[in-house]
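In the numbering used here, the protein residues as written are 1 to 107.
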């Protein structure tokens, strides 16, 4: 079955998630350099991990659609939780792509 839409949305969501995670890491390092704590740095690292999983889910959707759907939904929600506003657009792309992969019937 042709699942190009889910693949494109998943990969794009993961790549935009990398940008949000990088920005969160950058802000966390600035906060840490000025004497703050390193909470935002840790959350940025987790966003990098979940962005990687989102890209893997987007690639995997051609072969194992259900597994890829769950991976993309979980990574989209986790990105949104970890870096909140920076992760809104990646979550907006990953969650619908994952739901489409889960709910779409094979032809």
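Just so you know, even glycine gets a beta-carbon here, dropped at the ideal spot from N, CA and C.
Predicted model only: the values in this text are computed from it and were never measured.
| Query | Result |
| --- | --- |
| Status (buried if at least 16 other CB within 10 Å, exposed otherwise) for residue 103 | exposed |
| Contact set for residue 56: own chain, Cβ-Cβ below 7 Å, skip 5 residues either direction | 71 |
| Cα-Cα separation between residue 3 and residue 34, rounded to whole angstroms | 47 Å |
| Best match in 80, 95 and 31 for proximity to residue 11 [C-alpha to C-alpha] | 95 |
| For residue 105, three-class secondary structure by DSSP | coil |
| C-beta atoms of residue 14 and residue 69 nearer than 8 Å | no |
| Supposed contact pair residue 24 and residue 83 - C-beta distance, whole angstroms, cut 8 Å | 4 Å |
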